[in-house]
Amino acid sequence: MSAPSSESAAYADVVARIARAAQAARRDPSDVTLVAVSKQQPWEAVAPVLAAGQRVFGENRVQEAMTRWERRSEGLELRLIGPLQTNKAREAVAFFDVIETLDREKLARVLAEEVQRQGRRPRLYVQVNTGEEPQKAGVVPTETDAFVAACRTTYGLEPEGLMCIPPADEPPGPHFALLREIARRNGLAKLSMGMSADFETAIRFGATSVRVGSAVFGARD
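Number 205 marks the last residue of the sequence shown (our numbering); no jumps.
Next comes the structure, spelled out in structure tokens:
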């Protein structure tokens, strides 16, 4: 038997860490989905993780994802976790199973139009800018309730959860707690939060999916 690749070994380690974090939080590990962030990774790094059994992958760019996965997506769940421009909405609705970066009314309107036109309804998350950072996408927390309501009543969209990326220079726990509270009061069951450096903390605060890249694949070039 050949030795496992560094990526498949790292993947196994992350899966084990997710299980331990969930058990420590008295949660079922199966309630936490690992989204392996394959963006900008060469296929040689992604293939061993796919072969090891991973079935949910996160991508930042529509075109890059389509190039990588177009003939390989059978049986997989593909998530868009990067900003979505409205002129890419048609491709995104057609290609992705989940879009995690719904963050403005113009995008909600265009997505609703594409859902009607294509008859395909990807699952949606609203991205919340919990740190209110001007350089980051996302709805600010004080406007999230109204935005979720508009998605539902004005555009006929039904977001299933919220996503956030806490500021890099702040403890993530308060941001995860804030996202959990916004989700609770809006009746949203899913929380996409936590990345390589903080996914165990996110699981403690109720993450239902964690987006892990470098801890699985190593640093990107």
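Glycine is no exception: its CB is placed at the ideal position from the N, C-alpha and C atoms.
Treat the numbers as computed from the prediction; the structure is a model and nothing was measured.
Relative to the C-alpha of arginine 164, which candidate in Phe80, Leu62, Met147 has its C-alpha closest?
As a working note, residue 164 is residue 180 in the sequence shown. When each option's Cα is compared against that of arginine 164, the closest is Met147.
Just tell me which of Gln69, Ser198, Ile2 has its CA closest to the CA of valine 94.
If you number the sequence shown from 1, residue 94 lands on position 110. Considering only alpha carbons, the answer is Gln69.
Classify leucine 8 as helix, strand or coil using the three-state DSSP reduction.
As a position in the sequence shown, residue 8 is number 24, starting the count at 1. Reading off the sequence, residue 8 comes out as alanine, not leucine. DSSP places alanine 8 in helix when its eight states are reduced to three.
Have a look at the DSSP bridge pairing and note the partners of threonine 17.
Start at 1 with the first residue of the sequence shown, and residue 17 comes out as number 33. Looking at the DSSP assignment, threonine 17 forms a beta bridge with Ser193.
Using 10 angstroms around the beta-carbon of threonine 126, count the other beta-carbons present and answer buried if the total reaches 16, otherwise exposed.
For the purposes of this step, residue 126 is taken as the residue at position 142 of the sequence shown. Exposed.
Would lysine 174 pass as a contact of alanine 167 if the rule is Cβ separation under 9 angstroms?
Within the sequence shown, numbered from 1, the residue matching residue 174 stands at position 190. Within the sequence shown, numbered from 1, the residue matching residue 167 stands at position 183. In contact: lysine 174 and alanine 167 (Cβ atoms closer than 9 angstroms).
What does the Cβ neighbour count give for phenylalanine 201, buried or exposed, with the cut at 16 atoms within 10 Å?
As a working note, residue 201 is residue 217 in the sequence shown. Looking at its Cβ environment, which holds 16 or more other Cβ atoms inside 10 Å, phenylalanine 201 is buried.
Could you check where the beta strand (DSSP E) with threonine 85 kicks off and where it finishes?
Here residue 85 is taken as the residue at index 101 of the sequence shown, counted from 1. Per DSSP, threonine 85 belongs to the beta strand (DSSP E) from 82 to 86.
Tell me whether serine -8 is buried or exposed, calling it buried when 16 or more other Cβ atoms sit within 10 Å of its Cβ.
As a first step, residue -8 must be located in the sequence shown, where it is residue number 8. Serine -8 should be labelled buried.
Taking the alpha helix (DSSP H) that glutamine 100 belongs to, which residues open and close that run?
As a working mapping, residue 100 is identified with position 116 in the sequence shown. Note, glutamine 100: alpha helix (DSSP H), 89 to 102.
What are the start and end residues of each continuous beta strand (DSSP E) run of 3 or more residues lying completely inside the segment 53 to 80, in chain order?
As far as the segment 53 to 80 is concerned, its whole beta strand (DSSP E) runs of at least 3 residues are 61 to 64.
Count the C-beta pairs between the segment 149 to 162 and the segment 113 to 126 that are closer than 8 angstroms, then say yes if the count reaches three, no if not.
Result yes; three or more Cβ-Cβ pairs closer than 8 angstroms.
What did DSSP end up calling valine 123 once you bin it into helix, strand or coil?
Indexing the sequence shown from 1 puts residue 123 at position 139. It is a strand residue.
Is the segment 73 to 88 touching the segment 44 to 56 in the sense that three or more CB pairs, one from each, lie closer than 8 angstroms?
Touching, yes.
From the DSSP output, in three-state form, read off glutamate -9 for me.
Translated into positions along the sequence shown, residue -9 becomes position 7. Note: glutamate -9 maps to helix in three-state DSSP.
Relative to the C-alpha of alanine 9, which candidate in Leu141, Ile187, Gly197, Ala31 has its C-alpha closest?
Against the sequence shown, residue 9 aligns to sequence position 25. For the residues Leu141, Ile187, Gly197, Ala31, the minimum Cα distance to alanine 9 belongs to Ile187.
Pop quiz: valine 16 and arginine 195 are said to be a contact at Cβ under 8 angstroms. What is the actual Cβ separation, rounded to whole angstroms?
As a working mapping, residue 16 is identified with position 32 in the sequence shown. As a working mapping, residue 195 is identified with position 211 in the sequence shown. 12 angstroms between Cβ atoms; not a contact.
Taking C-alpha atoms, which residue in Thr138, Glu84, Met177, Ala203 lies nearest to proline 156?
By 1-based counting over the sequence shown, the position of residue 156 is 172. If we check each option's Cα against that of proline 156, Met177 comes out closest.
Which residues in the same chain have their Cβ closer than 8 angstroms to the Cβ of glutamate 144, if we skip the five residues on either side of it in sequence?
Mapped onto the sequence shown, residue 144 falls at position 160. Excluding positions up to five away in sequence, the list reads Arg107, Leu108, Tyr109, Leu172, Ala173, Lys174.
What three-state label does DSSP hand glutamine 47 in the structure shown?
As a working note, residue 47 is residue 63 in the sequence shown. Three-state DSSP puts glutamine 47 in a helix.
I'd like to check one pair, glycine 197 with glutamine 25: are the Cβ atoms closer than 9 angstroms?
The sequence position of residue 25 within the sequence shown is 41, counting from 1. The sequence position of residue 197 within the sequence shown is 213, counting from 1. Yes, the pair counts as a contact, with Cβ atoms nearer than the cut-off.
The alpha helix (DSSP H) with arginine 105 in it runs from where to where?
Position 121 of the sequence shown, counted from the start, is the residue given in the question as residue 105. Run containing arginine 105: none; DSSP gives neither H nor E here.
At the level of alpha carbons, what is the spacing between valine 112 and valine 132?
As a first step, residue 112 must be located in the sequence shown, where it is residue number 128. As a first step, residue 132 must be located in the sequence shown, where it is residue number 148. Each residue's Cα considered, the two are about 11 angstroms apart.
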